[in-house]
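Engineer: Input: one structure, supplied below.
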Amino acid sequence: MRYFEDLTPSTGAREPRAWLRSSRPRISLNGRWDFKLWDSPPSGVPAVGGDWGSIEVPGHWVLQGHDRPRYTNTAFPFPIDPPYTPSANPTGDHVRWFSLPADWPVDGAVLRFEGVDSAFKVWVNGVEAGTAKGSRLPSEFDVGGLLQPGRNVLAVRVHQWSSGSYLEDQDMWWLPGIFRDVTLLARPLIDDVFVHASYDHVTGGGTLTVDTRPDAVVRVAELGIVTEPGVPVEIAAVEPWSAEVPRLYDAVVEVPGETVELRIGFRTVAMVHGVFTANGRPLFFRGVNRHEHDERRGRALSVEAMREDLVLMKQHNINAVRTAHYPPHPAFLDLCDELGLWVIDECDIETHGFIYTDWRGNPADDPAWAPMMLDRMRRMVERDKNHPSVVIWSLANESDRGQNFGVLASWTRERDPSRAVFYERDRTYEFSDFYSLMYPPLEDLEAIGTRTEDVTTDDSALEARRRALPFILAEYAHAMGNGPGGLADYQRVLEHYPRLQGGFVWEWIDHGLLLPGATDHVYGGDFGERLHGTNFCIDGLLFPDRTPSPGLTEYKKVLEPVRITAPLTIENHRTFAGTDDLEFLWSVTSDGIEVDSGRLEVPTIAPGTSVHLQPPPLATDADAERVLTVRAVLAKDTSWANAGHEVAWSQFVLEEAPAAPVVAGVPVVQSRDVLRLGGGMFDRNTGRLTRLYGQQVDGPQLDLWRAPTDNDNGQGGRNGVTQEWRAAGLDRLLHRVDGVDVDDKSIVVCARVAPEGLGVAVRTTYRWTADGNNLRLTVDVHPEGEWAGTAVTPRCTTWPRVGVRLQLPQTLENVQWYGGGPGESYADSRSAARVGRYQHTVDELQTPYVVPQENGARTDVRWAELTDAEGNGLRVTGAPHFQLTARRWTTEDLEAARHRSDLTPRDHIYFNLDLAQSGLGSASCGPPTRRPLEIAPYSFILTFSPAGTKSVDN
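Just so we're aligned: 411 in the numbering used here is position 351 of the sequence shown, and the numbers increase by one with no gaps anywhere.
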């Protein structure tokens, strides 16, 4: 059997060991390599020829002009016939020449690959050094006997498909290549180090044991420690490591000729009465699942990008990472140690594609595959064992149940009993220290919190064990497109029950790829492939360029580790840190304009406690809405944010704005086919508004439709509402005017809005009145017909939106509003919207989702103005508060677009003024919204007035 199809993890590879910072000489072999792509595996030693090109290593050849990337969610992009691969197995030959100085220590040298996808063979100076599989794990080869002073040649043959591919179906792009660092290391004199650094929360002391070669010396200068390996050292007082206070001690391990630098964090994790604890306190994960992704480089991430990820996480109150679904680059874990994040380190195993065989042939339950799987577990644990940030080892992701997980769990617990073990998909949880699920509805989560959930296994002993386990929500709040909605609801339930120890949102970053010369990010299906996962990879809290999405802003708000509640209580929800790193600021606005501000004197609040404060003395103003904002900000610079960075905030309405005074109405003026009322001109026959304060307009008319979001569409139709909405004809509504009634002071337009082919309809009345400079529109909406369904038509219970759409001149491109902002918000995603005055252009109101869909709404709007470059235009006020969107394209344009470049600005602005929209939910992979817009009668008032100094007499 060919080596890339057999079940041997590697040949010629060294035993796995820790990733160490050593003083021994090393040579980076990153850079330009000669490259040749073959359609199928060639034979012989790679030899550079005239038809060869070059590529960058680390990198993926499919992102450098050779072949194309493939994205699938669950399906293998080849026939399922383990362990065999298709004949068409793209294979990349990589060759690199390098020179060694005459005095470079060749004897015992080691060649290290941090990651190669998916199987490879190595030659040094034409002699085979070994083979390996396991894409996201290191492989080392002894090559000292193959090197020579001066010029050397390294050849690596990489196969896209291998037997290992059956273990690597991880809902991501299939990106072959040498995508992590390649390094030549002088012979390690210190081959391995295992740090054991525990913390006693009762005494405040620590215990340090370092396992390595017996003649080494271990030094921790700050603690005055000089000791030998294997001997426990008791320290009377140490500062423990946690994600909140990531205290590290610099240490070295020395032998003649080599020094290894370590950063040690003292911490102890343990299960105590069914609760997972760190340093004696229950842990709570405010987490995120993170794939490695760069829009241009795929999984070949720079250290700068890794740091950027973690800084953004810290700035958005995230305290934990699940390395979905493979071990990250080792430098990432160094940064987690430094900046402070809890880590679930997940092994490079997922066999999800076997759902299409009903799990027949699943490697997880085949003993023949146990060596391959255990090899991956060993390489992860040995590489990452010295990181205090890593508190849980995860065996795999979505690979069903299998006896091989027992092998992995048993070895892991024996090798490292200081950490917990996790696996979600086996419903007996026999090998896991946690009960876990993905994407449960809130009702199920509540049941788990009270230990009243359904039985998951018929084995009574395993069922009893599972019910005693703590619960971690492995994945939830699928962040695909506009969403996720419902984050605040999930957080409320997770924080309420001690059994629920937090969760991890799916996922951190959109996997959109930006190919050379392109302006749009691509996703599955953009290369004409027949089998693909469409845009299911566009599901992150960051856009592909690492810009935070509105979903991340919302997540930051609901995760706040400090809560500020009325009348003025401050709660510290941290686990270890007090609030001495924060200062608390307040301000008061009057109709959105700041009129007072100051600093609150707040004593240090211990973890898990709260204080009650007297509100600052505030003046009153009966003529305006007054809002108090209290903010918690960093008092000093940190490694992840500067002083003044906002950690938490809350707002309180002190006084509501008074009702507008009643003014005598103005009369309707009729002139042939034109009606004039206040600042409006109307078509006498249709009642349609044609001019408004001198601006040519069209509308407004009832609008119930929105461009479906990914969460509206659901996952394969499950939990989605788009299908129901379309079946009810909401995407093809026709408007019929049944009458235009005019009296002295009002214009009343009666309309019926209904789809073709159905009996459902919406009776809509537009009532126009005017007083002074104000033109007032009252909209009454009454559904009629068979919305509950008939024998041949499905039931429709919700609408996407209720509001009106108005077409305006394109010059009214400047939008100012007083209400929720500054970013978009929706019914179940509005925690982060704070009341204030904001100003954007119409273009800036858009949220640039990779796949265009409903976006950009602002909620709780009191008033809004759309003006031209001179400041002239119109103002609209709502009763009750309204939602607004403004775009240069129609809803139908937005719905039809598959990429952002499909959206072409029109010659108008399309202005939606909504009473409400349906919530977002996370039905793209999870439950639907809990805040739908139910079909019912509605009524709302919009008042228009001129903005600016330009006055037009209609």
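The beta-carbon is built from N, C-alpha and C at its ideal position, and this holds for glycine as well.
(1) Threshold first: 3 residues or longer. Then list the beta strand (DSSP E) segments lying entirely within the segment 121 to 155, N to C.
(2) Mind reading off the beta-carbon distance from T853 to V875? Whole number of angstroms is fine, and I expect it under 8 angstroms.
(3) Hey, is the segment 452 to 465 in contact with the segment 410 to 419, meaning 3+ C-beta pairs nearer than 8 angstroms?
(4) Just to check my reading of the structure: L688 and L642 have Cβ atoms closer than 8 angstroms, yes? What is that Cβ distance to the nearest angstrom?
(5) Just tell me which of N349, M61, V312 and Y878 has its CA closest to the CA of W566.
(6) Tell me, please, which residues DSSP counts as bridged to N632.
(7) On the premise that V182 lies in contact with G190, defined as a C-beta separation below 8 angstroms, what is that separation, rounded to the nearest angstrom?
(8) Return the chain-ordered list of same chain residues with a C-beta closer than 8 angstroms to the C-beta of R247, the five sequence neighbours on each side being excluded.
(9) Contact check, D656 vs L678 under 8 angstroms by CB: the rounded distance?
(10) Mapping the DSSP letters down to three states, classify G747 as helix, strand or coil.
(11) What's the call for E952, buried or exposed, on a 16-neighbour Cβ count within 10 Å?
(12) I need the straight-line Cα distance from H389 to N771, nearest angstrom please.
(13) Any idea which residues DSSP pairs G563 with across the strands?
(14) Under 8 angstroms from any heavy atom of the ligand PLP, does the C-beta of L529 make it?
(15) Can you tell me where the beta strand (DSSP E) holding M433 begins and where it ends?
(16) My assumption, with CB atoms under 8 angstroms, is that G747 sits in contact with V809. Please give the rounded CB distance.
(17) Could you have a look at I508 and say whether DSSP puts it in helix, strand or coil?
(18) Determine the burial state of K696: buried for a count of at least 16 other Cβ atoms within 10 Å of its Cβ, exposed for fewer.
(19) E474: buried (16+ other C-beta within 10 angstroms of its C-beta) or exposed?
(20) Determine which residues share a DSSP beta bridge with D202 and list them.
(21) Taking the beta strand (DSSP E) that W785 belongs to, which residues open and close that run?
(22) Quick one: measure Cβ to Cβ for V381 and V403, integer angstroms, because I've assumed they're closer than 8 angstroms.
(23) Spatial neighbours of M61 within its chain, please: CB distance less than 6 angstroms, with the 5 preceding and 5 following residues excluded, ordered by chain position.
(24) If we ignore side chains and look at the alpha-carbon of each, how far apart do F64 and V218 end up?
(25) DSSP has C810 in a bridge; who is on the other side?
(26) Between which residues of its own chain and S1011 is the CB-CB distance below 6 angstroms, once the five residues before and five after are set aside?
(27) Could you tell me which of L866, H968, R865 and W429 sits nearest to D903, measuring between CA atoms?
(28) Is the segment 486 to 494 touching the segment 523 to 541, taking contact as three or more C-beta pairs under 8 angstroms?
(29) Could you have a look at P316 and say whether DSSP puts it in helix, strand or coil?
(30) Under a three-way DSSP split, which group does V213 fall into?
(31) If you compare alpha carbons, which of F173, E282, L227 and V270 is closest to L244?
(32) Select from G668, V813, W471 and V911 the residue whose C-alpha is nearest the C-alpha of Y826.
(33) What span of residues does the alpha helix (DSSP H) with T951 cover, start to end?
(34) With contact counted as at least three CB pairs below 8 angstroms, one residue from each stretch, are the segment 774 to 786 and the segment 972 to 985 in contact?
(35) Does the beta-carbon of S302 have 16 or more other beta-carbons within 10 angstroms, so that it is buried, or is it exposed?
(36) Any chance the segment 615 to 625 sits against the segment 706 to 718, with 3 or more Cβ pairs inside 8 angstroms?
Structural biologist: To lay it out plainly:
(1) 130 to 132
(2) Position 793 of the sequence shown, counted from the start, is the residue given in the question as residue 853. Position 815 of the sequence shown, counted from the start, is the residue given in the question as residue 875. With a Cβ gap of about 40 angstroms, T853 and V875 do not count as contacting.
(3) yes
(4) Within the sequence shown, numbered from 1, the residue matching residue 688 stands at position 628. Within the sequence shown, numbered from 1, the residue matching residue 642 stands at position 582. Not really, about 18 angstroms apart at Cβ, beyond 8 angstroms.
(5) On the sequence shown, residue 566 is found 506 positions in, with the first residue counted as 1. Comparing Cα positions, the closest option is N349.
(6) As a first step, residue 632 is located in the sequence shown; it is residue number 572 there, counting from the start. Answer by DSSP bridge pairing, in chain order: V622.
(7) As a first step, residue 190 must be located in the sequence shown, where it is residue number 130. As a first step, residue 182 must be located in the sequence shown, where it is residue number 122. That pair is a contact at about 6 angstroms.
(8) Locating residue 247 in the sequence shown gives position 187, counting from the first residue. So the list reads R84, P165, D167, G168, A169, V170 and G204, once near-sequence residues are dropped.
(9) Within the sequence shown, the letter at position 596 stands for residue 656. Within the sequence shown, the letter at position 618 stands for residue 678. Confirmed, Cβ separation roughly 7 angstroms.
(10) The sequence position of residue 747 within the sequence shown is 687, counting from 1. Of the three classes helix, strand and coil, the one that applies to G747 here is coil, per DSSP.
(11) Looking up residue 952 in the sequence shown gives position 892. It counts as exposed.
(12) Against the sequence shown, residue 389 aligns to sequence position 329. Against the sequence shown, residue 771 aligns to sequence position 711. Rounded to whole angstroms, H389 to N771 spans 32 angstroms at the Cα level.
(13) For this step, residue 563 is matched to residue 503 along the sequence shown. In DSSP, G563 forms a bridge with R346 and L533.
(14) As for the ligand PLP, it is missing from this structure, which has no ligand bound.
(15) Residue numbering aside, residue 433 sits at position 373 when the sequence shown is read from its first letter. Segment A430 to D444 is the alpha helix (DSSP H) holding M433; no beta strand (DSSP E) there.
(16) Within the sequence shown, the letter at position 687 stands for residue 747. Within the sequence shown, the letter at position 749 stands for residue 809. About 3 angstroms; that satisfies the 8 angstroms criterion.
(17) The count along the sequence shown starts at 1 and reaches residue 508 at position 448. Correct three-state label for I508: helix.
(18) The residue given as residue 696 occupies position 636 in the sequence shown. So K696 counts as exposed.
(19) Position 414 of the sequence shown holds residue 474. Exposed, because fewer than 16 other Cβ atoms sit within 10 Å of the Cβ of E474.
(20) Stepping through the sequence shown from its first residue, residue 202 is reached at position 142. Bridge partners of D202: V170.
(21) Against the sequence shown, residue 785 aligns to sequence position 725. It is not in any beta strand (DSSP E) - W785 instead sits in the alpha helix (DSSP H) that spans T782 to A787.
(22) The residue labelled residue 381 in the question sits at position 321 within the sequence shown. The residue labelled residue 403 in the question sits at position 343 within the sequence shown. Sure, about 5 angstroms apart at Cβ, within 8 angstroms.
(23) Indexing the sequence shown from 1 puts residue 61 at position 1. Taken in chain order, the list of residues that qualify is empty.
(24) What you label residue 64 is simply residue 4 of the sequence shown in a count that begins at 1. What you label residue 218 is simply residue 158 of the sequence shown in a count that begins at 1. One C-alpha to the other measures close to 9 angstroms.
(25) Stepping through the sequence shown from its first residue, residue 810 is reached at position 750. According to DSSP, which records beta bridges pairwise, C810 is partnered with G799 and T825.
(26) Counting from 1 along the sequence shown, the entry for residue 1011 is found at position 951. Residue placement at S1011 is poorly supported in this model, since its pLDDT is 47, which falls under 50; the coordinates still yield a value, given next. No residues qualify anywhere along the chain.
(27) Counting from one through the sequence shown, the residue named residue 903 turns up at place 843. Cα-wise, what sits closest to D903 is H968.
(28) yes
(29) Here residue 316 is taken as the residue at index 256 of the sequence shown, counted from 1. Three-state result, P316: coil.
(30) In the sequence shown, the residue the question calls residue 213 occupies position 153. Three-state result, V213: strand.
(31) Here the question's residue 244 lines up with position 184 in the sequence shown. Nearest option by C-alpha distance: F173.
(32) Your numbering for residue 826 matches position 766 in the sequence shown. Nearest C-alpha to Y826: V813.
(33) Indexing the sequence shown from 1 puts residue 951 at position 891. Run containing T951: T951 to A956, per the alpha helix (DSSP H) assignment.
(34) yes
(35) By 1-based counting over the sequence shown, the position of residue 302 is 242. So S302 ends up on the buried side.
(36) yes
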